[in-house]
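Reading through the C-alpha cells given below for one structure.
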Amino acid sequence: MRRLVSVQQKIPCVFLTEVRNEPSRKRDRRQSQVVATENVNPSALQSDIHCGVATEKIDGTCCYVTTYKGVNASQREQADKRFKSIRFVWIVDEDFREAPESWIAAHRVQHENGHPVPDEHGHIPGWVPVAHTNKQYCWHASVVNYDAGVALVLKTHGEDEGLLEIVSVALADLMEQTLELIGTNVNGNPYGLGSKKHPVHILVPHGVLRIRKPPLVEFQQLYSWFQECQEGRVEGIVWHCDDGTLVKIHRYHLGLKWPVGDTFLNTRPVGVHVDEMPDPDASEEDLFKLFSSINGRLFRCIRDIQFEP
Numbered sequence: 385m386r387r388l389v390s391v392q393q394k395i396p397c398v399f400l401t402e403v404r405n406e407p408s409r410k411r412d413r414r415q416s417q418v419v420a421t422e423n424v425n426p427s428a429l430q431s432d433i434h435c436g437v438a439t440e441k442i443d444g445t446c447c448y449v450t451t452y453k454g455v456n457a458s459q460r461e462q463a464d465k466r467f468k469s470i471r472f473v474w475i476v477d478e479d480f481r482e483a484p485e486s487w488i489a490a491h492r493v494q495h496e497n498g499h500p501v502p503d504e505h506g507h508i509p510g511w512v513p514v515a516h517t518n519k520q521y522c523w524h525a526s527v528v529n530y531d532a533g534v535a536l537v538l539k540t541h542g543e544d545e546g547l548l549e550i551v552s553v554a555l556a557d558l559m560e561q562t563l564e565l566i567g568t569n570v571n572g573n574p575y576g577l578g579s580k581k582h583p584v585h586i587l588v589p590h591g592v593l594r595i596r597k598p599p600l601v602e603f604q605q606l607y608s609w610f611q612e613c614q615e616g617r618v619e620g621i622v623w624h625c626d627d628g629t630l631v632k633i634h635r636y637h638l639g640l641k642w643p644v645g646d647t648f649l650n651t652r653p654v655g656v657h658v659d660e661m662p663d664p665d666a667s668e669e670d671l672f673k674l675f676s677s678i679n680g681r682l683f684r685c686i687r688d689i690q691f692e693p
C-alpha cells in the first residue's frame, strides 16, 4: 500500500488566516472563528504547493500505528485567552493540562531545553497508547484484532482509484503510518456509517483518497470547487508537498458548512475483502466477524454497509 506523509503536527492552512469575533463553525460555544484570507501562505509557496498531491481531508480522529496512538496536549482556558495576544510566551508547566504519563510528543513537535513547546496555534500534538481493554478507546479497538495483528482499513483499489475496498491489513504493514478513524461514534458520523445498534468503524490511511481533478490554489477557485463540484463535497483538502510539508484547507476556513448531506465518499462503490478466520469466541458485534460474513460483496457506497439482522 503506497503512502504519503504521516501527520505528526498540526497542519497549517494553505492561506494566511485571521481570527474574527464571531461564533465558530467548527466548535460549539466558541465565540471566535479562524477564517482564510485570500493570501496564499508563504510556507505553502516555499514548499511548491502547486506541485503537491491533493488528497481528501477525512473527518475522524487521528491514529498512529506504533507502540502508541493519539491525543493533543491543549492549553487551559486562561492560557487560551492570553494566546490571543500578539506577543506571547508560553509557560508550558502552567498553561497546559497535564498529559497522561504514557503521552509522547508527535515527531514534528519542536523542543526547547528538552521539553516540547506549542506551535503557532497553541497546540502540542502527541500520542497516548490505545489499550483494547479501555472502554474510552472501544471504537479504536473495534477495528484492530490484537491477537491476529491486523486492522480494518478503507483504501482505494490498486487498479481503479474510483473503487474503494475494505480490507484487513497487517499492523506490521501500517507501522509508523497515521490513519483517520471514522464511523458511527466519531465526530457525529458525517459519512453515515452503521447504526446505533450496529456501529461501524474503519481506519483510513492519510493521503489515500486522492483528488482526481483538484482546483487551483486560489481562494475563489477553491470556494467555487467546494460549492459546485461533486468531488468538492468533502471536509477539506490536504496537500502533500514533495519536501514532506503538509498544507490544508477546511470548508470552515472559507465560511462553508460541514458536514454536507451527501459526501463525495458516499458516491464511490466499495468492495469488502475481509476473509479473516473469525474468532469462535467473538461477540456478534465483532467487526472482523461481521465483515467476514459479507466478504466478496460490492456495495454502492460505504454508507450502504449495514449489519441489521
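In my numbering, the protein residues as written are 385 to 693.
Just so it is clear, CB atoms sit at the ideal spot from N, CA and C, and this is done for glycine as well.
- Spatial neighbours of His-634 in its own chain (CB-CB distance under 8 angstroms, excluding positions within 5 residues in sequence) are listed in chain order as Cys-397, Lys-410, Lys-441, Glu-619, Gly-620, Trp-642.
- Inter-segment contact for the stretch 600-618 and the stretch 637-657 is present: three or more beta-carbon pairs are separated by less than 8 angstroms.
- Between the alpha carbons of Thr-568 and Val-622 lies a gap of roughly 23 angstroms.
- Non-local C-beta neighbours of Cys-685 in its own chain, meaning closer than 8 angstroms and more than five positions away in sequence, comprise Leu-649, Asn-650, Thr-651, Arg-652, Pro-653, Val-654, ordered along the chain.
- Setting aside the 5 residues that flank it on each side, Asp-659 is surrounded in the same chain by Ser-676, Asn-679, each with a C-beta closer than 7 angstroms to its C-beta; the list follows chain order.
- The beta-bridge partner set that DSSP reports for Ile-550 consists of Leu-538, Val-656.
- Of the residues His-657, Leu-593, Lys-632, the one whose Cα lies closest to the Cα of Glu-602 is Lys-632.
- The beta carbon of Thr-629 sits closer than 6 angstroms to those of Ser-431, all from its chain and outside the five residues before and after it, given in chain order.
- When rounded, the separation of the alpha-carbon atoms in Gly-542 and Thr-401 is 37 angstroms.
- Leaving aside the five residues that flank Ala-556 on each side, the residues in its chain whose CB is nearer than 8 angstroms to its CB run, in chain order, Gly-533.
- For Gly-616, the three-state secondary structure derived from DSSP is helix.
- Remark: C-beta atoms of His-582 and Gln-690 approach each other more closely than 8 angstroms.
- Our two residues, Thr-540 and His-590, have alpha carbons roughly 12 angstroms apart in a direct line.
- In this structure, the straight-line span from the alpha carbon of Glu-422 to that of Val-528 is close to 42 angstroms.
- The straight-line gap separating the alpha-carbon atoms of His-585 and Ile-566 is approximately 6 angstroms.
- Within the same chain, Cβ atoms closer than 6 angstroms to the Cβ of His-516 are found at Ala-525, Tyr-530, the five residues on either side in sequence being excluded.
- Between Val-437 and His-624, the alpha-carbon positions lie close to 5 angstroms from each other.
- In the structure shown, the three-state DSSP call for Cys-446 is strand.
- For Leu-558, the enclosing alpha helix (DSSP H) starts and ends at 555-558.
- In the three-state reduction of the DSSP assignment, His-585 falls in the strand class, which pools E and B.
- Nearest in C-alpha terms to Ala-428, of all of Asp-626, Glu-564, Met-559, Leu-593, is Asp-626.
- In this structure, the beta-carbon distance from Ala-490 to Gln-561 does not fall below 8 angstroms.
- Rounded to whole angstroms, the Cβ separation of Val-644 and Arg-617 is 5 angstroms, and the two are in contact under 8 angstroms.
- Going by beta carbons, Val-514 and Leu-587 fall outside the 8 angstroms limit.
- Per the C-alpha coordinates, the member of Asp-443, Tyr-521, Phe-683 positioned closest to Ile-550 is Phe-683.
- Burial state of Glu-564 is buried, judged by a 10 Å Cβ sphere holding 16 or more other Cβ atoms.
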